[in-house]
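**Q** Add 118 to the 1-based position in the sequence shown for the numbering used here, that's all there is to it.
Just so you know, even glycine gets a beta-carbon here, dropped at the ideal spot from N, CA and C.
Handing you this structure, nothing more for now.
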Amino acid sequence: MGLLQQLARAAAPARRAALARSTRGMASVPHGGTLIDRMVQDPKEKEELAKQADVTVELTERQSCDVELVCNGAFSPLSGFMNSGDYNSVVEKYRLENGNLFGLPVVYDTDRADLTPGKKALFTYKGENIAVLDIEDRWTPDKVKEAKQCFGTSELEHPGTRVLAFERKNTYLGGKLTGLNTPKRIFPCASPAEVRQLIEGYDDVVAFQCRNPLHQAHYNLAIRSLDAPNVNTDKALLLINPTCGPTQEDDISGEVRYHTYVVLEKELIEKGLGERVRWAYLPYSMLMAGPREALQHMMIRKNFGCTHFVVGRDMAGSKSSITGEDYYGPYDAQDFAHSISEELGVQVVPSLNLVYTEEEGYITADVAGEKGYKPLKLSGTEFRRRLRAGEEIPEWFAFKSVVDVLRQHV
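Following this line, the structure appears as C-alpha cells:
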C-alpha cells in the first residue's frame with residue numbers, strides 16, 4: 119500500500135469528499151477577515167503611550183506570549199484581551215460573541231485591586247516596555263466551569279486545570295492592547311505577516327505543530343504530510359512551526375527545544391532535505407486542552423497563511439498526574455478538527471500511525487501488520503535513561519544532532 123493510500127485510510131470515508139475539496143487561497147484570508155497589527159513603530163509614539171499609563175505591571179512568561187500573539191495578529195480577530203462577553207462565549211461554545219470560532223479564552227489575570235476599567239496599564243517583560251492595556255472590563259471568572267468546558271475536566275490532575283488554579287490569579291481583565299516592543303526571547307518569533315512572506319508562492323502550505331524535540335518519527339510524519347490526498351503536492355510547502363512557550367511541568371524547556379530545532383534544520387539542509395521546508399517559532403502558551411487546543415492551533419496557522427494543518431493522534435493531549443490515564447481519546451482532536459475544518463477554512467491532514475521496521479524503515483502500523491514486520495521500539499523512558507547515561511541511541515529513533523543538544527542541556 120502506497121503513502122497516498124495510507125493517508126486516505128487515515129481519514130474516515132464519510133469525510134473524504136470534504137478532504138478532497140480544494141481550499142487553496144481560503145487561508146490567505148486571516149481569521150475574521152483582517153490580519154490585526156497592534157504594534158506601534160514610531161519611537162516617540164511608544165514613549166508617549168508609556169507615559170500615559172496609570173500603572174506598570176510585569177508580565178509572566180505565559181502572559182507575555184498572549185500579549186505578543188494578540189499584538190502581532192496571530193490571535194486575529196482579537197485586538198486585545200477578551201472582555202467578559204467574549205470570554206463566556208468562548209468558554210461555553212468555542213466562539214466569540216460575533217460567531218467567529220475561537221478555541222480557548224485569551225484573558226489577562228491579576229490579583230491587583232488597582233487595575234480597574236478606565237485605567238491604562240503599562241506591561242513590561244524582563245524590564246522592557248511591551249504593551250499598554252486600556253482596561254475595559256474586570257470580572258471574577260468561574261474557573262471550575264472554564265476548566266470543565268475547555269479541558270473536559272476540572273480535576274487538578276489535568277495540567278491546564280493546574281494552570282488555572284495555581285498560576286492564574288482570581289480576576290480577569292479585558293481591553294484593547296497597543297504593542298510597544300516584542301518580548302525578547304532566545305528563540306526568534308516571526309509575526310504572521312513575516313511568515314506569510316516566508317511561504318509566499320506556494321499553493322498549499324501544511325503547518326506542523328510540535329512542542330517536543332523532533333525525532334525521526336515526527337519528521338517522517340511531517341514531511342509525508344505533503345503527499346496527503348488533499349494537498350497539491352507539486353506546489354506544497356511544509357511549515358514546521360514549533361511551540362516554544364510554556365507547556366506542562368515536565369516538558370523540556372522552550373529554549374532547549376529551540377536549540378534542537380536549529381541543529382535539525384541545519385542537518386536537514388546539509389542532507390538536501392530542506393528545500394520544501396520552512397521553520398518559524400511560536401511563542402504560544404499551551405494548556406494541553408486536546409480538541410479545543412487543536413482549534414486554537416489551526417486558527418493561529420490560518421493567520422500565518424497556512425492552508426492545511428497536521429492534526430496528530432492525541433494532539434495537545436494530557437494524562438492524569440495521578441493515574442496516568444489519558445484525558446482524551448487518540449482521535450478526539452482529529453474528529454473535532456474535521457468538524458470545524460470547512461467553517462474555519464483550514465484543511466486537516468490526519469497524521470499517520472508510523473512505526474519503524476528493519477525491512478522498509480518508517481511505514482504505517484497497519485502495513486507493518488499486514489506484512490508481518492516486527493516494529494522496532496524504544497520507549498520514552500528508555501530513551502531518557504540512555505540520554506542521561508550517555509549510551510547509544512539508534513539513529514532510526516533520533517537525529518544525532520538533536521541527541522547531542524539534549525545531552526548538553528537535559
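Pull up the distance between the alpha-carbon of S146 and that of C424, whole angstroms please.
**A** Looking at the two C-alpha atoms, the distance is approximately 7 Å.
**Q** Measure how close the beta-carbons of L344 and A335 come, nearest whole angstrom, since I'm counting them as under 8 Å.
**A** The pair is not a contact, with the Cβ atoms about 16 Å apart (cut-off 8 Å).
**Q** Which residues does DSSP pair with M157 in a beta bridge?
**A** In DSSP, M157 forms a bridge with G297.
**Q** Suppose you measure from the CA of R156 to the CA of V485; what does that come to, to the nearest Å?
**A** Each residue's alpha carbon lies about 50 Å from the other.
**Q** The beta strand (DSSP E) with N190 in it runs from where to where?
**A** No beta strand (DSSP E) contains N190, which DSSP labels as neither H nor E.
**Q** Is the CB-CB distance between G297 and A249 below 7 Å?
**A** Yes; because the gap between Cβ atoms is below 7 Å, this pair is in contact.
**Q** Under the three-state reduction of DSSP, which class applies to F454: helix, strand or coil?
**A** Looking at F454 - three-state DSSP - the assignment turns out to be helix.
**Q** Rounded to whole angstroms, how far is the Cβ of E176 from the Cβ of Y243, which I believe are closer than 8 Å?
**A** That pair is a contact at about 7 Å.
**Q** What residue range is occupied by the uninterrupted alpha helix (DSSP H) comprising K238?
**A** First-last for K238: K238 to Y243, but that is the beta strand (DSSP E), not the alpha helix (DSSP H).
**Q** Can you name, in chain order, every residue of its own chain whose Cβ lies under 8 Å from the Cβ of S197, other than the five neighbours on each side?
**A** Counting only Cβ-Cβ distances below 8 Å, and skipping sequence neighbours, we find I154, R156, V188, K294 and L295.
**Q** Which same chain residues end up closer than 6 Å to D229 when comparing Cβ atoms and leaving out the 5 residues on each side of it in sequence?
**A** If we look at D229 and ignore the five residues flanking it on each side, its Cβ neighbours are K287.
**Q** Within this structure, are the beta carbons of Q366 and G221 separated by less than 7 Å?
**A** No, Cβ-Cβ distance for Q366 and G221 is not below 7 Å.
**Q** Let me check understanding here. Comparing Cα to Cα, which of T234, P195, L470 and K162 lies closest to E215?
**A** The candidate whose alpha carbon is nearest that of E215 is P195.
**Q** Among the residues of its own chain, which have a CB less than 8 Å from the CB of T279, if the five just before and after it don't count?
**A** The answer, listed in chain order, is A265, F269, T271, S272 and E273.
**Q** Within a Cβ cutoff of 7 Å, which residues of the same chain sit near N201, ignoring the five residues on either side of it in sequence?
**A** Same-chain partners within the cutoff: E254, D255 and G292.
**Q** By the three-class DSSP mapping on this structure, what secondary structure does F199 have?
**A** Residue state, collapsed to three classes: strand.
**Q** Tell me the rounded alpha-carbon separation between S438 and V523.
**A** Cα-Cα distance, rounded: 29 Å.
**Q** What is the DSSP secondary structure of R342, counted as helix, strand or coil?
**A** Helix.
**Q** Buried or exposed: S497, going by 16 or more other Cβ atoms within 10 Å of its Cβ?
**A** Counting Cβ neighbours within 10 Å, S497 comes out exposed, since fewer than 16 surround it.
**Q** Using beta-carbon positions only, say whether Y399 and F305 come within less than 7 Å of one another.
**A** Cβ distance < 7 Å, so Y399 and F305 count as in contact.
**Q** Span of the beta strand (DSSP E) holding D354?
**A** What sits at residue 354 in the sequence shown is Ala, not Asp. Counting along the chain, the beta strand (DSSP E) containing A354 begins and ends at A354 to I358.
**Q** Does the stretch 322 to 338 come within contact of the stretch 474 to 493, defined as at least 3 CB pairs closer than 8 Å?
**A** Taking 8 Å as the limit for Cβ pairs, the verdict is that the stretch 474 to 493 does touch the stretch 322 to 338.
**Q** Apart from the five residues just before and just after G392, which ones in its own chain have a Cβ nearer than 8 Å to its Cβ?
**A** Here the set comprises E383 and L386.
**Q** Please state the DSSP three-state secondary structure of V464.
**A** Looking at V464 - three-state DSSP - the assignment turns out to be coil, as it is neither helix nor strand.
**Q** Taking P235 as the reference, give the member of Y290, R213 and G245 with the closest Cα.
**A** For the residues Y290, R213 and G245, the minimum Cα distance to P235 belongs to Y290.
**Q** Should Q267 and V209 be called a contact, given that it needs their Cβ atoms to be closer than 7 Å?
**A** Their beta carbons are under 7 Å apart, which means Q267 touches V209 by this criterion.
**Q** Go ahead and label G151 buried or exposed: buried means 16 or more other beta carbons lie within 10 angstroms of its beta carbon, across all protein chains shown.
**A** Exposed, since its Cβ has fewer than 16 Cβ neighbours within 10 Å.
**Q** When DSSP labels each residue in this structure, what does Y320 get in the three-state scheme?
**A** It is coil, neither helix nor strand.
**Q** Which residue from M404, G490 and R410 puts its Cα closest to that of P364?
**A** It is M404.
**Q** Rounded to whole angstroms, what is the Cα-Cα separation between G143 and R314?
**A** Any reading at G143 must be qualified, since the residue scores a pLDDT of 42, below 50, and its modelled position is unreliable; the value itself is stated next. Those two C-alpha atoms are separated by around 12 Å.
**Q** Taking the C-alpha atoms as reference points, what is the distance between V185 and Q170?
**A** Spanning the two alpha carbons is a distance of roughly 19 Å.
**Q** Compare the beta carbon distance of V520 and P360 with 7 Å and say whether it is the shorter of the two.
**A** Contact: no.
**Q** Under DSSP, the beta strand (DSSP E) around A249 begins and ends at which residues?
**A** Start and end: E246 to W257.
**Q** List the endpoints of the continuous alpha helix (DSSP H) containing V523.
**A** Segment K518 to H527, the alpha helix (DSSP H) holding V523.
**Q** Could you please give me the residues that DSSP links to V395 through a beta bridge?
**A** V395 pairs with L356.
**Q** I need the boundaries of the alpha helix (DSSP H) containing D484, first residue and last residue.
**A** Element bounds for D484: A483 to K489.
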